[in-house]
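In my numbering, the protein residues as written are 547 to 823.
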Amino acid sequence: MIGSLLTEALIAGGEEFSVMLRPRDSGGRVAGKPGVTSTEGDFDDPASLRGALEGVDRAFLLTNSTEHTEAQQIAFVEAAQAQRVGQVVYLSQLAADPQSPVRFLRYHGAVETALTSSSVGWTFVRPNLIMQAYIPFAPLIAQGALGVPIGDATVSVVDARDIAAVAAAALTEDGHVGKTYTVTGPAAVTHAEIATELGDAVGRTVRFESIPPEAFLAALTGAGMPEWQAEGLLEDYAHYVRGEASAVSPDVAQVTGTSPRSLRDFAHDYSDAFQSA
(Lines of atoms letter the chains of each structure in order from A; the text may use other names.)
(Lines give C-alpha, C1' and ligand atoms only; values in the text may rest on other atoms or scores of the structure.)
Protein backbone atom coordinates (compact mmCIF):
# COMPACT_ATOMS: atom_id res chain seq x y z
CA MET A 547 0.00 0.00 0.00
CA ILE A 548 2.74 2.50 0.87
CA GLY A 549 4.45 1.93 -2.47
CA SER A 550 1.20 2.68 -4.30
CA LEU A 551 0.55 5.77 -2.20
CA LEU A 552 4.10 6.98 -2.81
CA THR A 553 3.78 6.61 -6.58
CA GLU A 554 0.49 8.50 -6.46
CA ALA A 555 2.13 11.30 -4.47
CA LEU A 556 5.03 11.53 -6.92
CA ILE A 557 2.70 11.58 -9.90
CA ALA A 558 0.56 14.28 -8.25
CA GLY A 559 3.73 16.31 -7.72
CA GLY A 560 4.65 16.08 -11.39
CA GLU A 561 7.80 14.06 -10.71
CA GLU A 562 9.47 11.88 -13.33
CA PHE A 563 10.54 8.51 -11.96
CA SER A 564 10.92 4.82 -12.72
CA VAL A 565 9.32 1.90 -10.90
CA MET A 566 11.01 -1.46 -10.56
CA LEU A 567 8.66 -4.25 -11.58
CA ARG A 568 8.99 -7.97 -11.14
CA PRO A 569 9.41 -9.88 -14.41
CA ARG A 570 6.06 -10.16 -16.19
CA ASP A 571 4.49 -7.48 -13.95
CA SER A 572 2.33 -5.18 -16.08
CA GLY A 573 2.79 -2.16 -13.82
CA GLY A 574 -0.79 -1.98 -12.62
CA ARG A 575 -2.09 1.49 -11.82
CA VAL A 576 1.12 3.32 -12.76
CA ALA A 577 1.40 1.89 -16.25
CA GLY A 578 1.15 4.63 -18.84
CA LYS A 579 1.07 7.47 -16.31
CA PRO A 580 2.79 10.70 -17.39
CA GLY A 581 6.42 10.83 -16.30
CA VAL A 582 6.50 7.19 -15.15
CA THR A 583 8.76 4.60 -16.74
CA SER A 584 9.55 1.08 -15.57
CA THR A 585 12.39 -1.39 -15.39
CA GLU A 586 12.52 -5.05 -14.39
CA GLY A 587 14.24 -6.24 -11.25
CA ASP A 588 14.17 -9.26 -8.96
CA PHE A 589 15.21 -9.00 -5.30
CA ASP A 590 16.50 -12.58 -5.51
CA ASP A 591 18.68 -11.76 -8.54
CA PRO A 592 21.51 -9.32 -7.66
CA ALA A 593 22.47 -8.84 -11.31
CA SER A 594 18.94 -7.69 -12.15
CA LEU A 595 19.05 -5.25 -9.23
CA ARG A 596 22.26 -3.74 -10.55
CA GLY A 597 20.65 -3.41 -13.96
CA ALA A 598 17.54 -1.77 -12.53
CA LEU A 599 19.64 0.72 -10.55
CA GLU A 600 21.93 1.75 -13.38
CA GLY A 601 21.87 5.54 -13.71
CA VAL A 602 19.58 5.97 -10.68
CA ASP A 603 20.37 8.85 -8.32
CA ARG A 604 17.70 8.30 -5.63
CA ALA A 605 15.78 5.13 -4.78
CA PHE A 606 13.05 4.02 -2.39
CA LEU A 607 13.49 0.61 -0.75
CA LEU A 608 10.45 -1.41 0.30
CA THR A 609 9.70 -5.13 -0.02
CA ASN A 610 7.15 -7.56 1.32
CA SER A 611 7.88 -8.75 4.85
CA THR A 612 9.02 -12.39 4.76
CA GLU A 613 11.80 -14.51 6.21
CA HIS A 614 13.83 -13.55 3.10
CA THR A 615 13.44 -9.78 3.49
CA GLU A 616 16.75 -9.05 5.21
CA ALA A 617 18.80 -10.82 2.53
CA GLN A 618 16.78 -9.26 -0.29
CA GLN A 619 17.07 -5.74 1.03
CA ILE A 620 20.78 -6.03 1.80
CA ALA A 621 21.25 -7.27 -1.79
CA PHE A 622 19.51 -4.07 -2.92
CA VAL A 623 21.88 -1.97 -0.77
CA GLU A 624 24.88 -3.75 -2.28
CA ALA A 625 23.54 -3.18 -5.78
CA ALA A 626 22.92 0.49 -4.99
CA GLN A 627 26.50 0.86 -3.81
CA ALA A 628 27.82 -0.90 -6.91
CA GLN A 629 25.85 1.48 -9.14
CA ARG A 630 26.84 4.55 -7.08
CA VAL A 631 23.27 5.47 -6.20
CA GLY A 632 23.34 8.76 -4.32
CA GLN A 633 20.54 8.12 -1.82
CA VAL A 634 18.31 5.27 -0.67
CA VAL A 635 15.16 6.23 1.22
CA TYR A 636 14.47 3.14 3.31
CA LEU A 637 11.08 2.24 4.76
CA SER A 638 12.15 0.91 8.14
CA GLN A 639 10.13 0.69 11.37
CA LEU A 640 10.03 2.57 14.65
CA ALA A 641 12.55 1.09 17.13
CA ALA A 642 14.50 -0.81 14.44
CA ASP A 643 17.43 -2.53 16.14
CA PRO A 644 19.57 -5.54 15.12
CA GLN A 645 19.31 -6.77 18.74
CA SER A 646 15.53 -6.42 19.07
CA PRO A 647 13.41 -9.39 20.23
CA VAL A 648 11.01 -8.47 17.40
CA ARG A 649 12.03 -10.12 14.12
CA PHE A 650 10.75 -7.25 11.97
CA LEU A 651 12.73 -4.73 13.99
CA ARG A 652 15.82 -6.95 13.81
CA TYR A 653 15.86 -7.16 10.04
CA HIS A 654 15.12 -3.45 9.66
CA GLY A 655 18.01 -2.76 12.01
CA ALA A 656 20.32 -5.02 9.99
CA VAL A 657 19.41 -3.26 6.74
CA GLU A 658 19.89 0.15 8.34
CA THR A 659 23.35 -0.99 9.45
CA ALA A 660 24.13 -2.14 5.91
CA LEU A 661 23.16 1.27 4.58
CA THR A 662 25.12 3.27 7.16
CA SER A 663 28.14 1.06 6.48
CA SER A 664 27.91 1.61 2.71
CA SER A 665 28.92 4.53 0.54
CA VAL A 666 25.26 5.21 -0.30
CA GLY A 667 23.51 8.20 1.19
CA TRP A 668 20.55 7.12 3.28
CA THR A 669 17.32 8.37 4.79
CA PHE A 670 15.37 6.20 7.23
CA VAL A 671 11.58 6.53 7.37
CA ARG A 672 10.52 4.73 10.55
CA PRO A 673 6.73 4.51 10.89
CA ASN A 674 4.80 3.21 13.85
CA LEU A 675 1.82 0.85 13.56
CA ILE A 676 0.01 1.72 10.33
CA MET A 677 -3.72 2.42 10.54
CA GLN A 678 -4.38 0.70 7.23
CA ALA A 679 -3.15 -2.54 8.85
CA TYR A 680 -6.66 -2.84 10.31
CA ILE A 681 -8.30 -3.17 6.90
CA PRO A 682 -7.67 -6.97 6.84
CA PHE A 683 -9.64 -7.11 10.13
CA ALA A 684 -12.65 -5.58 8.34
CA PRO A 685 -14.80 -8.76 8.36
CA LEU A 686 -14.52 -8.96 12.16
CA ILE A 687 -14.97 -5.22 12.62
CA ALA A 688 -18.06 -5.33 10.40
CA GLN A 689 -19.44 -7.90 12.86
CA GLY A 690 -18.70 -5.55 15.77
CA ALA A 691 -15.50 -7.04 17.17
CA LEU A 692 -11.80 -6.21 17.32
CA GLY A 693 -9.62 -8.62 19.24
CA VAL A 694 -5.85 -8.29 19.67
CA PRO A 695 -3.46 -9.04 22.58
CA ILE A 696 -2.65 -5.50 23.71
CA GLY A 697 -4.73 -4.58 26.77
CA ASP A 698 -4.84 -0.84 27.39
CA ALA A 699 -1.38 -0.04 25.97
CA THR A 700 -1.28 3.04 23.77
CA VAL A 701 0.29 3.25 20.29
CA SER A 702 0.84 6.38 18.18
CA VAL A 703 -0.71 4.81 15.08
CA VAL A 704 -0.03 6.53 11.76
CA ASP A 705 -1.84 6.82 8.44
CA ALA A 706 0.00 5.26 5.48
CA ARG A 707 -0.70 8.42 3.48
CA ASP A 708 1.50 10.40 5.87
CA ILE A 709 4.28 7.83 5.57
CA ALA A 710 4.14 8.19 1.79
CA ALA A 711 4.24 11.98 2.07
CA VAL A 712 7.41 11.86 4.19
CA ALA A 713 9.03 9.43 1.76
CA ALA A 714 8.07 11.62 -1.21
CA ALA A 715 9.64 14.65 0.42
CA ALA A 716 12.83 12.72 1.20
CA LEU A 717 13.07 11.57 -2.42
CA THR A 718 12.34 14.89 -4.14
CA GLU A 719 13.90 17.50 -1.84
CA ASP A 720 17.48 18.13 -0.80
CA GLY A 721 18.61 18.02 2.81
CA HIS A 722 17.28 14.61 3.86
CA VAL A 723 20.42 12.47 3.51
CA GLY A 724 21.59 11.11 6.86
CA LYS A 725 18.24 11.80 8.53
CA THR A 726 16.02 9.38 10.46
CA TYR A 727 12.34 10.28 10.58
CA THR A 728 10.08 8.76 13.20
CA VAL A 729 6.64 8.78 11.61
CA THR A 730 3.68 8.69 13.99
CA GLY A 731 0.16 9.96 14.21
CA PRO A 732 -0.79 12.98 16.33
CA ALA A 733 -1.72 10.96 19.45
CA ALA A 734 -1.14 7.66 21.19
CA VAL A 735 -4.39 5.70 21.37
CA THR A 736 -5.68 2.48 22.88
CA HIS A 737 -7.29 -0.25 20.82
CA ALA A 738 -10.54 0.45 22.61
CA GLU A 739 -10.35 3.94 21.10
CA ILE A 740 -9.55 2.44 17.70
CA ALA A 741 -12.64 0.21 17.94
CA THR A 742 -14.79 3.18 18.96
CA GLU A 743 -13.61 5.38 16.10
CA LEU A 744 -14.07 2.63 13.52
CA GLY A 745 -17.52 1.93 14.92
CA ASP A 746 -18.52 5.59 14.78
CA ALA A 747 -17.35 5.79 11.17
CA VAL A 748 -19.48 2.83 10.06
CA GLY A 749 -22.45 3.56 12.32
CA ARG A 750 -22.29 0.55 14.61
CA THR A 751 -20.79 -0.47 17.93
CA VAL A 752 -17.40 -2.17 17.64
CA ARG A 753 -16.26 -3.90 20.81
CA PHE A 754 -12.58 -4.29 21.66
CA GLU A 755 -11.39 -7.40 23.46
CA SER A 756 -7.82 -8.02 24.58
CA ILE A 757 -7.38 -11.68 23.68
CA PRO A 758 -4.59 -14.10 24.71
CA PRO A 759 -1.55 -14.15 22.41
CA GLU A 760 -2.07 -17.79 21.52
CA ALA A 761 -5.66 -17.09 20.42
CA PHE A 762 -4.43 -14.20 18.24
CA LEU A 763 -1.78 -16.40 16.65
CA ALA A 764 -4.34 -19.11 15.92
CA ALA A 765 -6.71 -16.57 14.37
CA LEU A 766 -3.96 -15.18 12.11
CA THR A 767 -2.73 -18.55 10.87
CA GLY A 768 -6.31 -19.78 10.55
CA ALA A 769 -7.00 -16.85 8.23
CA GLY A 770 -4.11 -17.92 6.02
CA MET A 771 -1.26 -15.71 7.27
CA PRO A 772 2.12 -17.48 6.98
CA GLU A 773 3.35 -18.70 10.35
CA TRP A 774 6.59 -16.70 10.23
CA GLN A 775 4.69 -13.46 9.65
CA ALA A 776 2.00 -14.27 12.22
CA GLU A 777 4.61 -14.98 14.88
CA GLY A 778 6.33 -11.71 13.98
CA LEU A 779 3.06 -9.81 14.36
CA LEU A 780 2.65 -11.36 17.80
CA GLU A 781 6.14 -10.08 18.67
CA ASP A 782 5.07 -6.64 17.43
CA TYR A 783 2.12 -6.64 19.81
CA ALA A 784 4.35 -7.66 22.73
CA HIS A 785 6.48 -4.64 21.77
CA TYR A 786 3.37 -2.43 22.01
CA VAL A 787 2.39 -3.93 25.37
CA ARG A 788 5.83 -3.02 26.71
CA GLY A 789 5.01 0.63 26.01
CA GLU A 790 7.70 0.95 23.33
CA ALA A 791 5.46 2.48 20.65
CA SER A 792 3.55 5.23 22.44
CA ALA A 793 5.75 8.26 21.79
CA VAL A 794 4.44 10.96 19.45
CA SER A 795 6.89 12.47 16.96
CA PRO A 796 6.71 15.89 15.23
CA ASP A 797 8.49 14.58 12.13
CA VAL A 798 5.48 14.36 9.78
CA ALA A 799 4.66 18.04 10.27
CA GLN A 800 8.31 19.10 10.17
CA VAL A 801 9.05 17.22 6.93
CA THR A 802 5.80 17.77 5.03
CA GLY A 803 4.50 21.01 6.53
CA THR A 804 1.18 19.30 7.26
CA SER A 805 -0.06 17.77 10.51
CA PRO A 806 -0.44 13.98 10.48
CA ARG A 807 -3.90 12.55 10.00
CA SER A 808 -5.78 11.49 13.10
CA LEU A 809 -7.36 8.13 13.81
CA ARG A 810 -10.74 9.77 13.22
CA ASP A 811 -9.59 11.07 9.81
CA PHE A 812 -8.54 7.55 8.83
CA ALA A 813 -11.71 5.90 10.12
CA HIS A 814 -13.97 8.22 8.16
CA ASP A 815 -11.86 8.25 4.99
CA TYR A 816 -11.74 4.43 4.92
CA SER A 817 -15.20 3.73 6.34
CA ASP A 818 -16.28 1.89 3.18
CA ALA A 819 -13.54 -0.70 3.78
CA PHE A 820 -15.08 -1.58 7.17
CA GLN A 821 -18.69 -1.91 6.04
CA SER A 822 -20.21 -5.37 5.94
CA ALA A 823 -20.29 -7.03 2.53
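The beta-carbon is built from N, C-alpha and C at its ideal position, and this holds for glycine as well.
Each residue's CA atom was taken as its position, placing residue 691 and residue 747 some 14 Å apart.
Take residue 698, set aside five residues on each side of it, and the residues of its chain with a beta-carbon closer than 6 Å to its own are 736, in chain order. Cβ-Cβ separation between residue 675 and residue 765: approximately 18 Å, too far for a contact (criterion under 8 Å). For residue 586, no alpha helix (DSSP H) run applies; the uninterrupted beta strand (DSSP E) run containing it begins and ends at 582–586, by DSSP. A distance below 7 Å between beta-carbons, with the five flanking residues on each side excluded, links residue 814 to the following residues of its chain, in chain order: 747.
Of the candidates 742, 661, 668 and 730, the residue whose Cα lies closest to the Cα of residue 716 is 668. Restricting attention to 621, 648 and 700, the CA atom closest to the CA of residue 661 is found in 621. Contact between the stretch 622–634 and the stretch 591–609 is present: three or more C-beta pairs spanning the two stretches fall below 8 Å. For residue 552, the enclosing alpha helix (DSSP H) starts and ends at 548–558.
For residue 681 and residue 816, the gap between their C-alpha atoms comes out near 9 Å. Listed in chain order, the beta strand (DSSP E) elements of length 3 or more contained wholly in the stretch 672–756 are 691–694, 725–729 and 753–756.
When C-alpha distances from residue 586 are compared across 782, 820, 742 and 569, the shortest belongs to 569.
Annotation: residue 592 to residue 818 spans about 41 Å, alpha carbon to alpha carbon. Under the DSSP assignment, residue 816 falls outside any alpha helix (DSSP H); it carries neither an H nor an E label. In the displayed model, residue 599 falls within coil according to three-state DSSP, outside both helix and strand.
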